[in-house]
Amino acid sequence: MKGFIYGLGLQWKMDIRSKSMLIACYLVPLLFFVFVGGVFTSTNPESKYTLIQSMSIMGVIMGGVIGLPPSLVEVYGGDVKKVYKANGVPIFLEFLIHSLSAFIHLLIMCTIIFVTAPIIFDSVIPSNIVVYLLGLGIFIGTTLAMGSAIGLVIEDTSKVTMASQIIFLPSIMLSGIMFPVEMLPKVLQHFSKIFPATWAFKAMTSDVFDLSHYIPMLVVFVISILICAYVLLKKIDE
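At position 76 of the sequence shown (counting the first as 1) the number is 62 in our numbering, and the numbers step up by one without a gap.
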C-alpha cells in the first residue's frame, strides 16, 4: 500500500511537469472554457444554466481521451514495461496510478470551472449538487477507462491520436454541450446515444437522480475495463 501511495505521488509530480498532461487537462480545457464560454453566454443567455456542465464535460473528454492514452503508450509500448517486469512490479500498477492521477487532475480542472463560471459568466450552479457530482464522477471514470483502453490496445502514438479523435470529436459535437441534441437529424440523435458524454450531460443537468442516465456510462466503463484487463493479462505473458 505504501508503494502504491508513493507511486501515485510520484506520478502526480511527473504529471505536473508533463507538458502533454498540462495541455490536455488544464490549458486547453480552461482556455476553451474562457473563450467559448464567453461566446455561448453572449449569443445564448440560456446557456448559463448548463455552462458548468458543458465545459466540464469537454475538459474531461480532452484530458481522458486525448491526454491519457499517449502516457500509457509510453509505459506499455516501450522498454519501461520491461523495467517494471524485471523489478517484479505488477504490470497493472502503472495503469492504476496513471488513471487515479488523471482522475485527480480532471477533478481539479472541473472544480476550477465550477468555482469561476458563476464569477466570470454569471452561470448558474447546478440545482442538485449531489446529482451533478455523481454524474461527473462516473463520467470521469468512464472516460478514463475508454482512454486507457485506447492507450493499451494501440501501441503506436500516431494511431492513438487518430483513435482518440474518433471518440473526441463526435462526443463534443453530438452530446448536446455545443447545441441541443434535438437540433440534430434523427439518425444522429440515435447515434449520439453510444457516447457517454451524451448521457453525462443528461445526468449532470438533471434535477433528480435518473438511473437510465447512468447505465449507458457504466456499460461503457465495464467494457473498457474488461478490455484493459485482457490486454494487461496478455502483456504479463509477453
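Positions of the beta carbon are idealized from the N, C-alpha and C atoms, including for glycine.
No experiment lies behind these values; they were computed from the predicted model shown.
query = By how many angstroms is the C-alpha of T129 removed from the C-alpha of G50?
reply = The residue you call residue 50 lines up with position 64 of the sequence shown. The residue you call residue 129 lines up with position 143 of the sequence shown. Roughly 5 angstroms between the two C-alpha positions.
task = Determine contact between the segment 166 to 178 and the segment 84 to 92, defined as no fewer than three beta-carbon pairs at a distance below 8 angstroms.
result = no
Burial state of P171 (16 or more Cβ within 10 Å) = Here the question's residue 171 lines up with position 185 in the sequence shown. Result: exposed.
ask   = Whose C-alpha, out of D196, F19, T29, is nearest the C-alpha of I99?
value = One-based indexing of the sequence shown puts residue 99 at position 113. Taking only the C-alpha atoms, the option nearest I99 is F19.
request  = Answer yes or no: do S150 and P55 have a C-beta to C-beta separation smaller than 7 angstroms?
outcome  = Residue 150 sits at position 164 when you count from the first residue of the sequence shown. Residue 55 sits at position 69 when you count from the first residue of the sequence shown. Closer than 7 angstroms, so yes.
message = Along the chain, where does the alpha helix (DSSP H) containing F187 start, and where does it finish?
response = Translated into the one-based positions of the sequence shown, residue 187 becomes position 201. Counting along the chain, the alpha helix (DSSP H) containing F187 begins and ends at 182 to 190.
query = Counting Cβ pairs, one atom from each stretch, are 3 or more of them under 8 angstroms apart for the segment 121 to 137 and the segment 196 to 214?
reply = yes
message = Output needed for A135: all residues of its chain with C-beta closer than 6 angstroms, excluding positions within five of it in sequence on either side, in chain order.
response = Walking along the sequence shown from the start, residue 135 turns up at place 149. Hits under 6 angstroms: S210, I213, C214.
ask   = When we look at the beta-carbon of M41 and count the other beta-carbons within 10 Å, is it buried (16 or more) or exposed?
value = The residue you call residue 41 lines up with position 55 of the sequence shown. Result: buried.
inquiry  = Could you compute how far the alpha carbon of K34 sits from the alpha carbon of T143?
reply    = Counted from its first residue, the sequence shown places residue 34 at position 48. Counted from its first residue, the sequence shown places residue 143 at position 157. Near 37 angstroms, if we compare the C-alpha coordinates of T143 and K34.
task = Output the residue ranges of the alpha helix (DSSP H) runs that lie fully inside the segment -1 to 44 and measure 4 residues or longer, sorted by chain position.
result = 5 to 8, 14 to 29
query = Can you tell me where the alpha helix (DSSP H) with P56 in it begins and where it stops?
reply = Walking along the sequence shown from the start, residue 56 turns up at place 70. It spans 54 to 62 - the alpha helix (DSSP H) in which P56 sits, taken as one unbroken run.
inquiry  = Taking the beta carbon of Y200 as the centre, do at least 16 other beta carbons fall within 10 Å, making it buried, or is it exposed?
reply    = Counted from its first residue, the sequence shown places residue 200 at position 214. It is buried - the Cβ of Y200 has at least 16 other Cβ atoms within 10 Å.
inquiry  = My assumption, with CB atoms under 8 angstroms, is that V117 sits in contact with A189. Please give the rounded CB distance.
reply    = Residue 117 sits at position 131 when you count from the first residue of the sequence shown. Residue 189 sits at position 203 when you count from the first residue of the sequence shown. Going by Cβ atoms, the distance from V117 to A189 rounds to 7 angstroms, so yes, they are a contact pair.
inquiry  = Mapping the DSSP letters down to three states, classify G50 as helix, strand or coil.
reply    = The residue you call residue 50 lines up with position 64 of the sequence shown. Note: G50 maps to helix in three-state DSSP.
Pick from L82, P104, I158 that is closest to V46, judged by C-alpha positions = For the purposes of this step, residue 46 is identified with residue 60 of the sequence shown, where counting begins at 1. Checking every option, the nearest Cα to that of V46 belongs to I158.
key: C-alpha gap between F21 and T97, whole angstroms   = In the sequence shown, residue 21 corresponds to position 35, counting from 1. In the sequence shown, residue 97 corresponds to position 111, counting from 1. Roughly 18 angstroms separates the two Cα atoms.
ask   = Quick one: what's got a C-beta closer than 7 angstroms to S113's C-beta in the same chain, skipping five residues either side?
value = The sequence position of residue 113 within the sequence shown is 127, counting from 1. Correct list, in chain order: D193.
N- and C-terminal bounds of the alpha helix (DSSP H) containing I115 = Numbered from 1 along the sequence shown, position 129 holds the residue referred to as residue 115. First-last of the alpha helix (DSSP H) with I115: 115 to 139.
Pair within 7 angstroms by beta-carbon distance, L8 and L58 = As a position in the sequence shown, residue 8 is number 22, starting the count at 1. As a position in the sequence shown, residue 58 is number 72, starting the count at 1. No, these two residues do not count as a Cβ contact at 7 angstroms.
inquiry  = Quick check on P202: does DSSP put it in helix, strand or coil?
reply    = For the purposes of this step, residue 202 is taken as the residue at position 216 of the sequence shown. Looking at P202 - three-state DSSP - the assignment turns out to be helix.
key: Three-state secondary structure assigned by DSSP to S161   = Taking the sequence shown and counting its residues from 1, the one referred to as residue 161 is at position 175. Residue state, collapsed to three classes: coil.
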